[in-house]
Amino acid sequence: MFEKSHSRQAAARRIAVQRRGLARMRTILDTAELLLADQGYAAATMKGIGEHAGIPTASLYHYFVDRQHIEVELARRHLHVLDERFAAALNHPEVLTIRDAVEATISPLLAYFREHPGIVQLWFAGRSSPLSELADGFDESWAEQLWRFLIARCRIRRDTPLVVAQLAVKVGDRIFDIAFRQCPTGDDATIDEGCRVLTAYLETYAPS
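Sequential numbering from 0 applies to the sequence shown in numbering that gives the first Met the number 0.
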C-alpha cells in the first residue's frame, strides 16, 4: 500500500515538473517573439530573452540549446498555422483562375506576417541556416499543393512539371523578402507587382 502511494506521489511530481517545464518554454518563446516585434532581431539574444522573461540566462539552456534552437521552435509554431492557412486558401470556392490562386495564397500569408511582426524580424532579418532548412521543407509542401491544385482545376497543363510550382513558391518567398525590407508591414506595390509576375509565369503553362 505504501509503495503504491509513493509511486503515485512520484508520478504526480513528475507531471508537475513537466508542466512547469512546458510553461517555462512557452514563456521563453513568447518573450522572444515580443522582443523581436518590439526591438528587432538584434535584441532577441539569450541574455535579452532571459532578462525580459525574468529567467536566469543559464536556465534558458536547460530548455534550448542556443538562440537558433529558440528561433526554430518559434518559427515552427508559426509555420504550422501558415500551412493551415495556405491549404485553406487553395480550397476557397472563389479561386477560379491562376490570378485568383496567386492572390488567395499571397493574401493570407501577407495578413499573417502583418499580424505577427516578430516573425517578420525572424524570417527576413535573421534567417539562419536551420531556419532556411525548415522553410525549405514547407516550401516543398506548398509547391506540391499548388501544383496539384492547378492541375486538378485544369488551370495548367497536366504535363506541367512540379519544378514550375517549386520555382513559383521560391519567387513568392523573394517577393515577400523584398516587400518587407522595403516596409515593416510589407510594401503593397511590391506585393502587387509580384502577383503579376507569378500569374504571368504560371499562365505560360495554361492549357491551349
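Even glycine gets a Cβ: it sits at the ideal position worked out from N, Cα and C. No experiment lies behind these values; they were computed from the predicted model shown.
For residue i, which of helix, strand or coil comes out of DSSP?
| i | result |
| --- | --- |
| P129 | helix |
| Y200 | helix |
| V80 | helix |
| P160 | coil |
| A43 | coil |
| S207 | coil |
| R154 | coil |
| P92 | coil |
| H61 | coil |
| H115 | coil |
| C182 | coil |
| G53 | coil |
Relative to the C-alpha of residue i, which residue among the options is closest?
| i | options | result |
| --- | --- | --- |
| A88 | C194, D158, Q144, K46 | Q144 |
| D36 | F175, Q120, R66, F85 | The question names Asp, but residue 36 is Ala in the sequence shown. For A36, the nearest C-alpha among the options comes from Q120. |
| P160 | T184, R84, A86, W146 | W146 |
| A164 | I150, T26, E50 | I150 |
| R180 | R18, P206, W122 | W122 |
| S207 | L21, R126, C153, D138 | C153 |
| S106 | F175, P129, T30 | F175 |
| S131 | Q67, D187, A142 | Q67 |
| I27 | D65, A124, A142 | D65 |
| T30 | D187, L59, V170 | L59 |
| A52 | M24, R84, D172, R76 | M24 |
| P116 | R156, W141, T104, L73 | L73 |
| K169 | G136, R18, Y62 | G136 |
| R76 | F63, A43, I118 | I118 |
| R157 | A57, F63, A205 | A205 |
| G171 | A43, D138, F148 | D138 |
| A142 | A188, A86, P183, P129 | A86 |
| R173 | V162, T56, I190 | I190 |
Kindly say whether residue i, judged by its beta-carbon, lies nearer than 7 angstroms to any beta-carbon of chain D.
| i | result |
| --- | --- |
| R76 | The question asks about chain D, but that chain is absent: this structure has only one protein chain. |
Measure the beta-carbon distance from residue i to residue j and round it to whole angstroms, keeping in mind my assumption that it falls under 8 angstroms.
| i | j | result |
| --- | --- | --- |
| L201 | A178 | Wrong, their Cβ atoms sit about 19 angstroms apart, outside the cutoff. |
| V71 | L133 | 6 angstroms |
| Y40 | A103 | That belief does not hold up - the Cβ atoms of Y40 and A103 are roughly 30 angstroms apart, past 8 angstroms. |
| I54 | F63 | I54 to F63, Cβ: 11 angstroms. No contact. |
Counting Cβ pairs, one atom from each stretch, are 3 or more of them under 8 angstroms apart for the region 48–55 and the region 93–103? no
How about the region 66–83 and the region 108–116: do they share at least three Cβ pairs that are nearer than 8 angstroms? Because the criterion of three Cβ pairs below 8 angstroms is met, the region 66–83 and the region 108–116 touch.
Any contact of the region 95–105 with the region 192–206, i.e. 3+ C-beta pairs under 8 angstroms? Contact holds: three or more Cβ-Cβ distances are below 8 angstroms.
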